[in-house]
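Participant: Chains as they are written, first to last, in my numbering: chain A, 421 to 605; chain B, 421 to 605; chain C, 421 to 605; chain D, 421 to 605. Structure below; questions to follow.
Number of protein chains: 4
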Amino acid sequence: MQFHSLKEEVCEEIKGALAKVEEKDVYSLIDAILSVEKVFVTGTGRVMFMMQAFAKRIKHLGIDAHVAGETVEPPIGKKDLLLVGSASGETKITLAIAQMGRKRGAKIGLITASPQSRLKRLVDVCVRIPCPTKLALPEEPKSRQPMGNLFEQSLLIFGDCLAILLQERLGVTEAEMWKAHANLE
Amino acid sequence: MQFHSLKEEVCEEIKGALAKVEEKDVYSLIDAILSVEKVFVTGTGRVMFMMQAFAKRIKHLGIDAHVAGETVEPPIGKKDLLLVGSASGETKITLAIAQMGRKRGAKIGLITASPQSRLKRLVDVCVRIPCPTKLALPEEPKSRQPMGNLFEQSLLIFGDCLAILLQERLGVTEAEMWKAHANLE
Amino acid sequence: MQFHSLKEEVCEEIKGALAKVEEKDVYSLIDAILSVEKVFVTGTGRVMFMMQAFAKRIKHLGIDAHVAGETVEPPIGKKDLLLVGSASGETKITLAIAQMGRKRGAKIGLITASPQSRLKRLVDVCVRIPCPTKLALPEEPKSRQPMGNLFEQSLLIFGDCLAILLQERLGVTEAEMWKAHANLE
Amino acid sequence: MQFHSLKEEVCEEIKGALAKVEEKDVYSLIDAILSVEKVFVTGTGRVMFMMQAFAKRIKHLGIDAHVAGETVEPPIGKKDLLLVGSASGETKITLAIAQMGRKRGAKIGLITASPQSRLKRLVDVCVRIPCPTKLALPEEPKSRQPMGNLFEQSLLIFGDCLAILLQERLGVTEAEMWKAHANLE
């Protein structure tokens, strides 16, 4: 296999997965993010890394973003959003965190690959990026990549597009974003 | 702006950036990874998340991967590789870690956006993905995205392609990869 | 209040809490640790930091230690121990992780402040350090310190004593421990 | 060796180390913390865990605390304090971060075991807890414990005493602290 033909296939897969995202769901999620005081993100494994990348970028936009489990995480409440990433929508720890967020009165948002799941049943707003999951259900799209790759890649690019749409809505310049960037690195 | 036109642009940008990667550099990096005992990754911010995603995936292939700074990190030595992600190649902490790796006798690999940098001068193997950096040099390619987005996205997809090429070389099945997956989540 | 009188009170509290630990439970936990292949630690918040400190130290002894949720965490299995820290024994995420560990066939160990809890009912080996918990039950000992301080302090010192007893059992020198220390910092 | 005699020795060592802390340095550090807008903490390894424990506790007091390197870390500036933990005062990464903090105009505080070090020379306020360090200098006090144990234990208890003194100064109740506690766990 050659790197260059492989990267073409992978990029086409991502484009294909993101093409199936419902435009109106994107706007519902943007509205949810802009209507709350704090945005918390969660997930597990590589999905969590992509959610952290999203939290970091929207923090640069002046959004009060937090990562569940990090040291100085504040409490979540009724005026906040918990944004969950889970390909299958069945990850146990993620589900437990979402249930606690619900109990605290927070809005719950989900970015997922599955049309149905326990997580999906308890959320207020959901964006589906159709991709293979660890459940390997018959209705799932195919990918030439192993494991959760396609969902994780699509999640990163989805989050980055979302942040650009949020940047436009909020009228934040790139110079302002750089000013909000960590400077101890 | 519409999500769907934006995601097309972003995917085309990534494809364009990855198209400029030298195929031979990819194979040099694969050879470096397969010739060592342990692979350590480092970086800062969103770049670190992408390096962690790579470490996690190659660990599924049976490669003894570690993340600099995590709790149970072993010492690095002459038979190991430190793989560094840095768009500019000038990130202070990353540079300090690479210098320590060098001092311990480890091989150093770099994935970067810059043609020249202090990091580049001390590495054994380097893959360049030409992208805009925080240095905003005149010779850098353009992107319609803010900050390090294009490099970080390209880095994730590059790492995932690399892992697929490593999977092929090592003859590991996806079932074997799932068996190596964390199961407390 | 003066720092010096306060630190005396705090040290006396810790000594008092640790004095109530059953010596035989300490040896059961040591035996459990020495009878398995891998030791995983978990917990939340400040308790997790103390469990991470323990994992780091026993890794220096050559014990194959891991932190649940870190990037390169391997799967847990029948030959492994999941060591859980929880003052109340009722922390939701920790309980969910312990249940998964149980399901994978791992031995479960607990370091806790509570005499009874849902976590306690599912573990194989338990060390109790009697301290106040967030449940504020009437039978709990008193402390002049806020929140979980006394448990967290006692947990760190308990873990460090445990590591010294393990060091003695394993016959590892301090020089060997330094050789196992991370060297990219 | 017996657990109970060992824990007595360890508690006495901690008491002895903390007894050598200068009361006036404690108040200088309290004043520094109360005079800034944000407090950032840093360190490496087990020292970092203790600094994170401190950041978490003072966040409960309403202090705007942050951990260098965590996802949503804001930029540091002239009105902020970077509080550094380092036994030897010579840890490379920690030194690099402190130098960056200095360059950004932040105040720098240090909790250390060494009387002299490169870190010490660049800080505004310093608390010394005399303990053995990895430098093993002849003037260092002795400990029956391996590696950095005594400093790390003393650092946790020092930070917790500091937080209690801050709580008194700020007039925050324990009930208010619990309200500021993370609630997704």
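In this text, a Cβ means the ideal position worked out from N, Cα and C, and glycines have one as well.
Got a sec? Which residues, its chain only, sit under 6 Å from residue 526/D by beta carbon, not counting five neighbours each side?
Facilitator: Counting only Cβ-Cβ distances below 6 Å, and skipping sequence neighbours, we find 496, 500, 502.
Participant: Interface residues of chain D around residue 487/A at Cβ under 9 Å?
Facilitator: Neighbours of residue 487/A on chain D, chain order: 490, 491, 492.
Participant: If we ignore side chains and look at the alpha-carbon of each, how far apart do residue 560/A and residue 441/B end up?
Facilitator: C-alpha separation (whole angstroms): 32 Å.
Participant: Start and end of the alpha helix (DSSP H) containing residue 580/B?
Facilitator: Residue 580/B -> alpha helix (DSSP H) spans 569-590.
Participant: Would you report the Cα separation of residue 600/C and residue 478/C, rounded to the nearest angstrom?
Facilitator: Rounded to the nearest angstrom, the two C-alpha atoms are 10 Å apart.
Participant: If you draw a straight line from the alpha carbon of residue 493/C to that of residue 597/A, how long is it in whole angstroms?
Facilitator: Going from the Cα of residue 493/C to the Cα of residue 597/A covers about 34 Å.
Participant: Return the first residue and the last residue of the beta strand (DSSP E) that residue 529/B is part of.
Facilitator: Unbroken beta strand (DSSP E) run through residue 529/B: 527-532.
Participant: Looking at C-alpha atoms only, which residue of 521/A, 556/A, 548/A is the closest neighbour of residue 542/A?
Facilitator: When each option's Cα is compared against that of residue 542/A, the closest is 521/A.
Participant: Tell me, please, whether the CB atom of residue 513/D is closer than 9 Å to any CB atom in chain B?
Facilitator: Closer than 9 Å: yes.
Participant: Given that residue 524/B touches chain C, what residues does it touch there, using C-beta distances under 7 Å?
Facilitator: Near residue 524/B (Cβ distances below 7 Å), the residues of chain C are 603.
Participant: Determine the closest residue to residue 486/D out of 483/A, 482/A, 491/A, with distance taken between C-alpha atoms.
Facilitator: Closest by alpha carbon: 491/A.
Participant: Can you list, in chain order, the residues of the stretch 555-578 of chain A whose Cβ is nearer than 8 Å to any Cβ on chain B?
Facilitator: Here the close residues are 565, 566, 567, 569, 572, 573, 576, 577, 578.
Participant: Check whether the Cβ atoms of residue 481/B and residue 578/B sit closer than 9 Å, and answer yes or no.
Facilitator: Taking 9 Å as the Cβ cut-off, residue 481/B and residue 578/B do not qualify as a contacting pair.
Participant: So, using beta-carbon positions, are residue 514/A and residue 489/C closer together than 9 Å?
Facilitator: Contact flag unset, no.
Participant: What first and last residue would you give for the alpha helix (DSSP H) that runs through residue 424/B?
Facilitator: Where residue 424/B is concerned, the enclosing alpha helix (DSSP H) stretches over 423-439.
Participant: Runs of 3 residues minimum, wholly inside the stretch 476-527 of chain A: which ones carry the beta strand (DSSP E) assignment?
Facilitator: If we require 3 residues or more, the beta strand (DSSP E) runs fully inside the stretch 476-527 of chain A come out as 484-487, 501-506.
Participant: Counting only beta-carbon separations shorter than 9 Å, does residue 517/B have a partner in chain D?
Facilitator: Interface residue, yes.
Participant: Looking only at its chain, what residues have a beta carbon closer than 8 Å to the beta carbon of residue 555/C, apart from the 5 residues adjacent to it on each side?
Facilitator: So the list reads 508, 510, 534, once near-sequence residues are dropped.
Participant: Against chain A, with Cβ distances strictly below 9 Å, would residue 479/D count as a contact?
Facilitator: Yes - at least one Cβ of chain A is within 9 Å of the one on residue 479/D.
Participant: Taking Cβ-Cβ distances shorter than 9 Å, what residues in chain B pair up with residue 588/A?
Facilitator: Near residue 588/A (Cβ distances below 9 Å), the residues of chain B are 421.
Participant: Please report how far the alpha carbon of residue 574/D lies from the alpha carbon of residue 568/A, in whole angstroms.
Facilitator: Each residue's alpha carbon lies about 44 Å from the other.
Participant: Taking the straight line between their C-alpha atoms, what separation do you get for residue 476/C and residue 430/C?
Facilitator: Going from the Cα of residue 476/C to the Cα of residue 430/C covers about 25 Å.
Participant: Determine whether the Cβ of residue 543/D lies closer than 9 Å to any Cβ atom of chain C.
Facilitator: Output row for residue 543/D: interface = no.
Participant: Relative to the C-alpha of residue 436/C, which candidate in 532/D, 425/D, 443/D has its C-alpha closest?
Facilitator: Ranking the options by Cα distance to residue 436/C, first place goes to 425/D.
Participant: Within the 9 Å Cβ cut-off, does residue 470/B reach chain D?
Facilitator: It does not: the Cβ of residue 470/B has no partner Cβ on chain D nearer than 9 Å.
Participant: So residue 474/D and residue 461/D are in contact, right, with Cβ under 8 Å, and what is the actual spacing, rounded?
Facilitator: Sure, about 6 Å apart at Cβ, within 8 Å.
Participant: For residue 459/D versus residue 571/D, is the C-beta distance shorter than 9 Å?
Facilitator: Not a contact, by the Cβ cut-off of 9 Å.
Participant: Secondary structure at residue 541/D, three-state DSSP: helix, strand or coil?
Facilitator: Helix at residue 541/D.
Participant: Mind checking which residues open and close the beta strand (DSSP E) that includes residue 562/C?
Facilitator: It is not in any beta strand (DSSP E) - residue 562/C carries neither H nor E in the DSSP assignment.
Participant: For chain D, find out if any of its Cβ atoms is closer than 9 Å to the Cβ of residue 499/A; answer yes or no.
Facilitator: Not an interface residue.
Participant: At 8 Å on the CB atoms, spell out the chain C contacts of residue 520/A, in chain order.
Facilitator: Neighbours of residue 520/A on chain C, chain order: 512.
Participant: Report the partner residues of residue 459/D according to the DSSP bridge assignment.
Facilitator: Partner(s): 485/D, 501/D.
Participant: Using the Cα positions of residue 537/C and residue 523/C, report the straight-line distance between them to the nearest angstrom.
Facilitator: Distance between the alpha carbons of residue 537/C and residue 523/C: 19 Å.
Participant: Quick check: is the beta carbon of residue 466/D nearer than 9 Å to any beta carbon in chain C?
Facilitator: Yes, its Cβ sits closer than 9 Å to a Cβ of chain C.
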